[in-house]
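Sequence order for the protein chains is P and F.
Quick note: the first sequence uses the UniProt record's numbering, first residue 1, plus one each step.
Quick note: the second sequence uses the UniProt record's numbering, first residue 1, plus one each step.
Where a beta carbon is used, it is the ideal one built from N, C-alpha and C, also for glycine.
Nothing here was measured: the structure is a model prediction, and the numbers come from that model.
Everything below concerns the one structure shown next.
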Amino acid sequence: MAMTVSSAGGLLAMLNENHPTLKLHALTNLNAFVDYFWPEISTSVPIIESLYEDEEFDQRQLAALLVSKVFYYLGELNDSLSYALGAGPLFDVSEDSDYVHTLLAKAIDEYASLKTKAAESNKAADIDPRLEAIVERMLDKCILDGRYQQAIGMAIECRRLDKLEEAITKSDNVHATLSYCSNVSHLFVNRREYRHEVLGLLVDVFKKLPSPDYLSICQCLMFLDEPVGVAGILEKLIRSEKEDDALLAFQIAFDLIENEHQAFLLNVRDRLTQPKYLPAEPVQPVSTETESAQDANAATTEDVQMADGTQAVSEAVPASVPVVDPKEATYAERLTKLKGILSGETSIQLTLQFLYSHNKSDLLILKTIKQSVEMRNSVCHSATIYANAIMHAGTTVDTFLRENLDWLSRATNWAKFSATAGLGVIHRGHLQQGRSLMAPYLPQSGSGGGSPYSEGGALYALGLIHANHGEGIKQFLRQSLSSTNVEVIQHGACLGLGLAALGTADEDVFDDIKNVLYTDSAVAGEAAGISMGLLMVGTASEKATEMLAYAHETQHEKIIRGLALGIALTVYGREEGADTLIEQMTRDQDPIIRYGGMYALALAYSGTANNKAIRQLLHFAVSDVSDDVRRTAVLALGFVLYSEPEQTPRIVSLLSESYNPHVRYGAALAVGISCAGTGMSEAISLLEPLTSDVVDFVRQGALIAMAMVMVQISEASDSRVGAFRRQLEKIILDKHEDTMSKMGAILASGILDAGGRNVTIKLLSKTRHDKITAVVGLAVFSQFWYWYPLIYFISLAFSPTALIGLNYELKVPRFEFLSQAKPSLFEYPRPTTVATTTSAVKLPTAVLSTSVKAKARASKKEADQKEKAEKSSATESTSGKGKSSGDKDEDSMQVDSPVEKKAEPEPSFEILINPARVVPAQEKFIKFLEDSRYIPVKSAASGFVLLKDLRPSEPEFLSLIDAPSSTASTGGASATAQQGSAASMAVDEEPQPPQAFEYTS
Amino acid sequence: MDPKLTELSQLFERFKAAMTRGDFDSCSNFLSQLKVMLTGFRSLPPLFEATPNAVHELTIARDIYEHAVVLSVKTEDQDAFERDFFQLKPFYTDAGDRLPPSPQEFPILGLNLLRLLVQNRIAEFHTELELLSASALENPCIRHAVELEQSFMEGAYNRVLSARQSVPHETYVYFLDLLAKTVRDEIAGCSEKAYDTLSVADARQMLLFSTDRELSEYINEEHPEWEMKNGLVTFQKAKESAPCKEIPSLQLITQTLSYARELERIV
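Below, the structure written as structure tokens:
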């Protein structure tokens, strides 16, 4: 039986002996027993310390180690660490004990904070070499042991890029490590310059790999703002012999597009070299397309040609093969496609088609709203128009307006401006025909007959249609701007120009707008201020100081406000780089400038969750004297925190109970912005009480915010969505409700069903980049407090929730995939119904009748189930045969067979057909079928995915038609390819440009 | 037999011889060598490895430390006593069940108790006492120490002093002499608090001195702040304890006001 000592007293006593051998003996044994006897030893620490300090004692390091361990047990980690450093090699980093783990963590923290401090103050780090040695030992050990993720984390934290590189290159799966690393650098590296360094390193490593992961490289390069590198890679890929490489190039382009960085994309596009062989006819559209910026008058026709050109090239090239080098020919063909993607046209076009074909907006809701709002109440009237625009954003469906022309004509003056501009939201992305759509309202040169309000609105609408892709329309807008001196038209033109040239920092445009600003007209100047900001988004250019100077000069509050927001926009995403300007603005005498300072904080640190920014905002939220500034400061928190939406409800929860209604309003919108589209339960719980606040505008903000949070959340996943819809209906129908909250409710209904129920509000792309357009859109949207027409900016934040698979031709082939979740979780909300019996006399209040609703629901459910059953049985039979062909006969056979499955349990999966609505929450359930004909180039559950065709010889069935204007030629073929009741309804051709309608007022 | 062990025993014999001779210098010399040699045995605490000669080694090591303790008493070295005692202790507490009990155990434990009493470390005294078994408390050596402590606590100082006559072991004398001084210090401390002045005769009696000269020597040595004149011993009262702290009212007021302001701001 082994015996143990019951006390360390004997050993401690031995430390006092004179003979060094005895001391050593005591130390060695104490070191072995310290885990049990540290309380006893702790009383003798001074003796041991004196041993460590005794220069003549030859085992000082052992003494240091012992002291370090005792301090560790006492919880004095700082002392413990300093003695552990004194222990030198005796401190064994590989030991698997709590002591070693804790101290290593401490050492790394210490080292990292020292390094960071040194890097921030630009001084050489004054770091204990022993500390450095320990950290290095630790890093080396991690790398040796194969714990690369750990090593990477530490290396990044400690700013040891050399070690980071080593860890990555030595890891067994370099690709995985690299993607992990870039992910980490986005999530955890707060300082912008350092993040750039890390990403720069990553790109270097990527390039050294034998088989580089171009998708990730390009993402990094995009972040580093290096268009040359991206262009080089893309060119290499499309020059490759293999079709797969070209697919990859297209995929990269789509991924880049998603980040909405217009200036960068244009830069990349212009750097792609022209093919050596220039076939005179097919490529011409490409060249004219680039010229189109200068050629304003031809803009419309060329836009159309552009799309045609894409096809023309692909058809023309095979024909000319005998004449030219086939390689160059393929290159030219691919280049055209690539440029199409990079300019955003391909994706916009596809999105447009998707939104149009899958539009599920519920006109009855609008009808209810329309009938319940008082005719004379212009606020609610225009709110309804806004709601309609938002509901149909990007779908090109303007049925509601068409059906209610008389009602619409009640809009006068600025309401008319918004009504016209609403068309821009509805037709957002309709690049080819945007101009012709708006033509009836645009200012006519010479005649000058139209109302300036509708003309201004039309210019604004053009901006909205071409938001962030305004190459083609810019020139026209500039002309309109310079050819008028009516301030309403100037207002519209400025906004339109800002939107179209978003972030391009075009000097000429800037000067044009500046001229408007200097006319010192309040209405035009406000728009000019915002527009300048839009133009210069994220450039942190010197212009900001110029704008600030003018803001001090002018007397008009509107102009100051516009400029303040504009200045804030210029520092978008600059983080620390914007600090001087922010400081300057937040200390200003003028509350409007301070208010701009809040926006500057919000945008400069947008999505960073930077603690400093949060602290500053919270400070202003409680200490500023102006309500506007306080409101904005709280609201700004939403922007800073949108990358970590879980945080927001917690941070603003106290503020949401403030006595100050402005602060409550800000808190509601902050939650709405940062948790948009998440349906997060905490967010909803926080907003719920605010929707019945005592102050009308707080209710308005809360309703809007709630709608932003709940967009695309189905009632099945959160029952409160249904309750909220009923609440909205109640508010709208209630005669005694305040106008403000009624307006909020109307807008909320619009946002809740935005974009035909196929879009969500997303501020981050899938690769966790900020979506600049979306952020800017929401920032300007939040200005609607002062200026209702700015509500339309919310459409910039909408992104379609779809998975759109594309083949090499960039067409949408028929392709099935699986959603492994109950269909009801993610289905569209059921359309509201009107009871037939009551329709004649009563107003649609009857909709509220629950019995009718229940009945309607029951019948609907039945129908739904039938449909589902059909679908699933159809797919079963097809997969049973081992074919994925969507044969029409087979389907109809299934339809004919009697289906009686009333009480059948809901299936636990759903087959979706490309292109399909995939809401964000659904993404994790998406699976690609294994025996499918197509496999995706990268596994993504939403957005644009390039598909590799495994059986290219078989005929393809296309789902969406690719020629919006030439309906007759392709309509027949695609109709046969279509099936499924939902899709077939929408298969029709692209909408014709709607007939112009005139206001009768 | 293990040569190391033989060497150790031989050295120990020489140490014992020196000790009986009263040659304490060479004793401590030998002792230090012995201790170094002991570190080489793995069967000793704290390792307690089960070597073949473990019992023998433990016994001899215990013997050595017991002698070391006695030696330290003889050289009147309290630090060495404490050191050696602590090193000896594991042999009693942890190895006790494997070794034949040592005749020296209780006297040494009693000595240690006395030492603690002398050094006025009453808390440790009781800690030690608690660790002893009930039967051990019956041992005269231990009981003696316990009784002393009781009288000491009660203030029956005369009983403490008279205990010197009834020592259970000759080594105790040294500590009892020291104890007398501890007792005197206690009395001195008390009287200082209790009286402003005392007549020299009273003071002498109270502090248990037989002559006035001894008293004045004591006062000069230990309490130079006392004054002895006119047949009176004047105890310089310790200076007034630190003046009670003033309440920082101004600071508190501003603080409270600022809290109120902040509160108003936040909610």
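Under 9 Å by beta carbon: chain F residues contacting residue i
i: His196/P; result: Those within 9 Å of His196/P in chain F number zero; the least Cβ separation is about 38 Å.
Proximal residues of chain P, C-beta to C-beta of residue i below 9 Å
i: Ser258/F; result: Residues of chain P passing the Cβ test: none, with the nearest at roughly 13 Å.
i: Leu119/F; result: The amino acid occupying residue 119/F in the given sequence is Gln; Leu does not appear at that position. Ordered by position in chain P, no residue passes the 9 Å Cβ test against Gln119/F, which lies about 15 Å from the chain.
Buried or exposed (CB count within 10 angstroms, at least 16 for buried), residue i
i: His101/P; result: exposed
i: Lys730/P; result: exposed
i: Phe417/P; result: buried
i: Glu264/F; result: exposed
i: Gly972/P; result: Note that Gly972/P has pLDDT 36, beneath the 50 cutoff, so the model's placement of it is unreliable and the number below is only indicative. Exposed, by the Cβ-count rule.
i: Phe724/P; result: buried
i: Phe85/F; result: buried
i: Ser984/P; result: Any reading at Ser984/P is ruled out, since the residue's pLDDT is 37, under 50, leaving its predicted position unreliable.
i: Glu333/P; result: buried
i: Phe188/P; result: exposed
i: His552/P; result: exposed
i: Ala748/P; result: buried
i: Glu82/F; result: buried
i: Gly722/P; result: exposed
i: Gly110/F; result: buried
i: Pro789/P; result: buried
i: Asn230/F; result: exposed
Contact list for residue i against chain F, beta-carbon separation under 8 Å
i: Thr773/P; result: What Thr773/P touches in chain F: nothing, since even the nearest Cβ is about 36 Å away.
i: Asn29/P; result: Pro46 and Leu47
i: Gly10/P; result: Pro45, Pro46, Phe86, Gln87, Leu88, Lys89 and Pro90
i: Phe33/P; result: Pro46
CA nearest to the CA of residue i, picked from the options
i: Ile60/F; options: Arg115/F, Glu13/F and Phe209/F; result: Glu13/F
i: Asn807/P; options: Phe250/P, Ala64/P, Tyr214/P and Val486/P; result: Phe250/P
i: Ala564/P; options: Asp588/P, Asp579/P, Glu576/P and Glu575/P; result: Asp588/P
i: Leu947/P; options: Asp245/P, Glu193/P, Glu526/P and Glu55/P; result: Asp245/P
i: Tyr111/P; options: Gly677/P, Gly492/P, Asp624/P and Asn78/P; result: Asn78/P
i: Gly88/P; options: Leu65/P, Tyr72/P, Asp98/P and Tyr518/P; result: Leu65/P
i: Gln555/P; options: Thr545/P, Glu526/P, Thr570/P and Glu546/P; result: Glu526/P
i: Thr420/P; options: Glu542/P, Leu408/P and Gly429/P; result: Leu408/P
i: His175/P; options: Asp949/P, Ser372/P and Lys207/P; result: Lys207/P
i: Ile772/P; options: Ser121/P, Val537/P and Ser240/P; result: Val537/P
Boundaries of the beta strand (DSSP E) in which residue i is found, first to last residue
i: Asp512/P; result: Segment Glu507 to Tyr518 is the alpha helix (DSSP H) holding Asp512/P; no beta strand (DSSP E) there.
i: Glu910/P; result: Glu910 to Ile913
i: Asp58/P; result: That residue, Asp58/P, is in no beta strand (DSSP E); it is neither H nor E in DSSP.
i: Phe944/P; result: Gly943 to Asp949
i: Leu818/P; result: Glu816 to Ser819
Residue-level contact to chain P via CB, residue i, 8 Å cutoff
i: Pro90/F; result: yes
i: Val73/F; result: no
i: Phe15/F; result: no
i: Ser32/F; result: yes
Span of the alpha helix (DSSP H) around residue i
i: Ala921/P; result: Counting along the chain, Ala921/P falls outside any alpha helix (DSSP H), and DSSP gives it neither H nor E.
i: Ile567/P; result: Glu557 to Thr570
Short CB-CB distance (under 8 Å) between residue i and chain F
i: Glu17/P; result: yes
i: Thr21/P; result: yes
i: Met14/P; result: yes
i: Ser839/P; result: Bear in mind that the predicted position of Ser839/P carries a pLDDT of just 37, short of 50, making it too unreliable to give a figure here.
i: Val695/P; result: no
i: Val622/P; result: yes
Interface residues of chain P facing residue i [CB-CB closer than 8 Å]
i: Glu82/F; result: Ala13
i: Lys4/F; result: Neighbours of Lys4/F on chain P: none; closest Cβ ~15 Å, over 8 Å.
Neighbour list for residue i in chain P, Cβ cutoff strictly below 7 Å
i: Thr39/F; result: Thr21, Leu22 and His25
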